[in-house]
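Protein chains in written order, with my numbering: chain C, 9 to 109; chain B, 2 to 181; chain D, 127 to 809. Just so you know, even glycine gets a beta-carbon here, dropped at the ideal spot from N, CA and C.
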Amino acid sequence: MTISQFLVLGALLFSIGIYGVLVRRNAVLVLLSVELMLTAVNINLVAFGSYISDTLRSGQVFALFVITVAAAEVGIGLAIVVLVFRNRSSANVDELDLLRW
Amino acid sequence: MDWGASVSWMRDWISNADNVVFLVISLVIVAAAIRVVSSPNVVHAALMLVLALAGAAGLFLMLGAEFVAWTLVLVYIGAVIVLFLFGIMITRAPTGRDPVRLDHARRWPAAVVALGTFVTIATVTTMAFGDRPVEAAVSRSGELGDVLFSRYVIPFEAVSFVLLAALIGGIVIARKDPDR
Amino acid sequence: MTHLLVSFAGEAAHEAANLVDGGALARFAWLIPVVPLVAMFVIVFVGKRLPMKGWELAEAAMLFDAVYGVALFIANASHGISYEGSLEIGRIGSYVIEWGWVVDGLSIMMYALVGVVGLAVFTYAKGYMKGDVRFTWFFAAFTQFAGAMLLLVSSANMIQLIVGWELVGLASYLLIGHYWEDHENNAAATKAFLVNKIADVGLFIGVIIIGVTVGSFRFDAVLNAVASGNSALARVAFWSGLAIFIGAMGKSAQFPFHVWLPDAMAGPTPVSSLMHAATMVTAGVYLLGRMFPLFQTDGFATEVKSIIIVVGGITLFATGLIALVQDDIKKVLAYSTLSQLGYMTVAMGAGAYTAGLFHLFTHAFFKGLLFLCAGSVIHAVHSNNMSDMGGLRKAMPWTFRTFVVGSLALAGIFPLAGFWSKDEILASVQYDASGAGGTLASVVLVVAIAGAFVTAFYMARAVYLTFFGEYKGQAHPHESPRIMTYPLIGLGLGSIVAGFVSVPGVFEGFGQWLAARPFAMGDHHFESLNFALAGIGLAVALAGLAAGTMLWRRDAATQRERDRFRIPVLYPLLANKYYIDDLYLKGVIGPIKGPIARFVDWTSTTIIDGVVNAFGGVARLAARFVYGGIDQRGIDLAINAVAGGTSEVGEALRHTTTGRVQQYVGALFAGAVLLVVGFLIFT
């Protein structure tokens, strides 16, 4: 197995995740796409960890950290989305433009 | 481009059993990912993510990161997706169908950006790393635990703080106003 | 830095004239003008509080000057003094400004004259001005006059002379206008000042030309230049000499600048006596005397002398005639003064330095005396006009006697002072006629002799109309107090003996005393009395007296009748003073006040103001252009464009802040990709 194949896969997933972040209108689905991007990052990390045969296993450790932080982030994010939905009865991100000019 | 060399390289690559498995899993992941970003049904999208994550776990297993793979399954698929489903449930309109549609006007610019990103990263990485092989570095959970509590103990603690903060924050943000 | 520069007269002149430096008397001679000037200031500030209201200071100053002057006179008589002291005050470039005092024959004579006559007049004035509301101020101004006159005659350089000249003019203005409540007196004072000022232009021009040509304003430098035949000075000598004579004409009231003197009689009589008879009006003659070598030396201003003698001759005769028809006694004496000044000028024009100054000397005594007598009479009768007088010889004996003495002296009757001085003038003119003066001098000689007749004629008239006949007036005339009559007697004695100081062939002291100067004056020295001319002069004078007696000796009524026989054309001409005043008024002052003033005003408002306004207008236009064109449209436009542009760009750019996070993210990733690609390509 070459390292490149994992990296290319990771890149592909990342790009798809970007596409999803940019395109989706539902806030929850945007978060979902962000999860996709984070998964791609994890794949990259683990692949590189194996590539350098790290005795410290730093790649995997950091992948764990990413997973943890992603979970925390999803918790908060969804809480916010729920709150926003409660106030506006809509989860449409296009309507969240109070910072507009 | 030397078509002959690349074709023979590809034949060699396919002949490796690991690579075949890799190919299958990656196809699954990609297909699922595409469904995640393009499915009109929100629940389908979430469930597709489950599939993608499962495939990622498989890849981890191939790379020898067993603990990470099972953590992925446990935390991500087990908890995060459930959270997502709950969130979807709370924020959906009563009719059941997602009233929020895809933004068609933004598809092409987004596609361009995504494609650009992919091309850039892929090119850079293949140019840098090329054919170098990667071996499955099978690791035992004990080793991971050792490292986690010795070398990476500070980030570990920090992350636990992050979790605590997220926990508290989530409750504070999402609870109903007690005055009402 | 001032330092005392003591300069002697030229060594050669010293040896030639055997002159001494005068010792301490000469070294301190600067006190002579300074003491009265200081006294003036003291009188101004504390005079009113003094027991005699400041008169004592004035009298003390004059006494000091009289004593000093006489002391110098005697010292000069024993041994000729020629000394000049000076104090450097400052410098302008190469011109040195200094205060100098001259002590030589000419100056000493003037010091003594001003001192003695001044002392007499000041004493007299205490009585005359008694009860006057401006008594103290009168004496302050009078003392200022004395100081200024002495400053003038002690000047060692022309600038200082001008200072003294102008100060004397100021004193004249102040004193003529003493009774300024009456507007006519103000007009008279202004007239005196302005006529003098016009003539002073000549003086300034002359002084400047000479000073610049010679390179110094000092008299000894100028006269040295004359003596050494300086060609540059010789070139300008005629015009500068003429200009100086014009200046002298103003002060000494020669035709046509004579018009101010009769009007100056508006001042108090002591003023008329001292200033307008004895001293101030002689300043012009003095100046000619001081600058005499300039006019006398061949190659310099000798042609000016013909002009001088002609002007003097005209003045002499014409003004004498006017005196015949005056009713105001002071005016008679004023015209008489003009006439005698004409004699002095004639003498100077004939190159007779000694004769002219001798007449100045004697004239001061008897004319000063005559004015004081007139003042005495006016004081008693409260009127100036002779038609209000008559028969006063019984009421005012001393005044009468001294007046007669003065009149005889003026008329030139032997052996009184006027005889000697007038005769010397006639002799000098005759000598000049045989020499450089030619036919012009001969004509003037005849005029001068005729003038002697006229002089005696009008003085006889004045005596008879004032003192003989019956008194027809309202007042109660009585003799003046002693303080007024003693000076009369003193001056009367002077009029009798003053002539004896210069008797040709017998005692020529005066000429010697006057000649105590470092330069030779070059005038003719008479060996003996010219008996023929003396005889003619005496006969003519006696004829005049006889004619006057015949016409005017009778009683008042007949005298008035006689006065009324008039020659039709001649009388109005004389009574109106040849219409010269009218000529000046209509010909000079009228145009100046009217058209010329209006023209100047037009020039000022239209042209000058127009130019200034044009500049202002141009400035406004420029400002408007700068403001409107450059500032408003150019600079403001640029700045507004910048501001506007920034605003527009901001307007356009703010559309990027849509508030939508997805767009931000998209931009973020796109940017990152571009950056990476950029890095890859360019490194």
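For V569 (chain D), the enclosing alpha helix (DSSP H) begins and ends at G564 to F593.
Per DSSP, reduced to three states, the secondary structure at I78 (chain B) is helical. Here F162 (chain B) is exposed. Its C-beta has fewer than 16 other C-beta atoms within 10 Å. Only those residues of the segment 89-109 of chain C whose C-beta falls short of 9 Å from the nearest C-beta of chain D are listed: V101, D102, L104, D105, L106, L107, R108 and W109.
At least one CB atom of chain D sits nearer than 8 Å to the CB of V114 (chain B).
Comparing C-alpha distances from W639 (chain D) to each of D:E210, D:I434, D:N202 and D:A658 shows the shortest one belongs to D:N202. A distance below 6 Å between beta-carbons, with the five flanking residues on each side excluded, links G241 (chain D) to the following residues of its chain, in chain order: D191, A192 and G195. Neighbourhood of V803 (chain D) in chain B, by CB distance below 7 Å: T121, in chain order.
H384 (chain D) sits buried, since 16 or more C-beta atoms from the chains shown fall within 10 Å of its C-beta. Annotated three-state conformation of G760 (chain D) is helix, per DSSP. K719 (chain D) counts as exposed, since fewer than 16 other beta carbons sit within 10 angstroms of its beta carbon.
Y479 (chain D) has its alpha-carbon roughly 23 Å from the corresponding atom of F330 (chain D). With a minimum length of 4 residues, there is no unbroken run of alpha helix (DSSP H) contained wholly in the segment 243-267 of chain D. Put simply, the CB of I15 (chain B) is far from chain C, with every gap to its CB atoms at 8 Å or more. With fewer than 16 neighbouring CB atoms inside 10 Å of its own CB, I172 (chain B) falls in the exposed class. For L15 (chain C), the enclosing alpha helix (DSSP H) stretches over residues I11 to V31. Think of a sphere of 7 Å around the beta carbon of R786 (chain D): the chain C residues whose beta carbon falls inside it are V101, D102 and D105, in chain order.
Within the segment 60-87 of chain C, not one residue has a Cβ closer than 8 Å to any Cβ of chain D. Taking 8 Å as the cut-off, the Cβ atoms of I84 (chain C) and A46 (chain B) do not count as close. The secondary-structure analysis by DSSP pairs E224 (chain D) across a beta bridge with D:E214.
Counting only the Cα atoms, D102 (chain C) lies some 9 Å from G785 (chain D).
Rounded to the nearest angstrom, the gap between the Cα atoms of V161 (chain D) and G273 (chain D) is 7 Å. Non-local beta-carbon contacts of F264 (chain D) in its own chain, meaning distances under 8 Å to residues more than five positions away in sequence, involve A251, M255, D258, L301, H304 and P394 in chain order. For the segment 787-801 of chain D, the set of residues with a beta-carbon nearer than 7 Å to any beta-carbon of chain B comprises G792, F795, A796 and V799, in chain order. Any Cβ of chain C closer than 8 Å to the Cβ of I78 (chain B) would place that residue at the interface, and such an atom is absent. For V29 (chain C), at least one C-beta of chain D is nearer than 8 Å to its own C-beta. Taken in chain order, the complete alpha helix (DSSP H) segments of 4 or more residues contained in the segment 102-178 of chain B are 108-130, 142-151 and 154-175. With respect to the 8 Å criterion, P613 (chain D) and A521 (chain D) are not classified as neighbours on the basis of their beta carbons. K456 (chain D) is classed as buried because its beta carbon has at least 16 other beta carbons within 10 Å across all chains shown. Look at M9 (chain C): its C-beta is under 8 Å from a C-beta on chain B.
Chain order gives the chain C residues near E144 (chain B) as R65, where near means a beta carbon separation below 7 Å. Annotation for D308 (chain D): no alpha helix (DSSP H) segment contains it, and DSSP assigns it neither H nor E.
No residue range can be given for R780 (chain D), since it is assigned to no alpha helix (DSSP H) and is classified by DSSP as neither H nor E. For the 8 Å CB-CB criterion, A582 (chain D) and G663 (chain D) do not form a contact. Remark: C-beta atoms of A32 (chain B) and S140 (chain B) do not approach each other more closely than 8 Å.
For V42 (chain C), the closest Cβ of chain B is not nearer than 8 Å.
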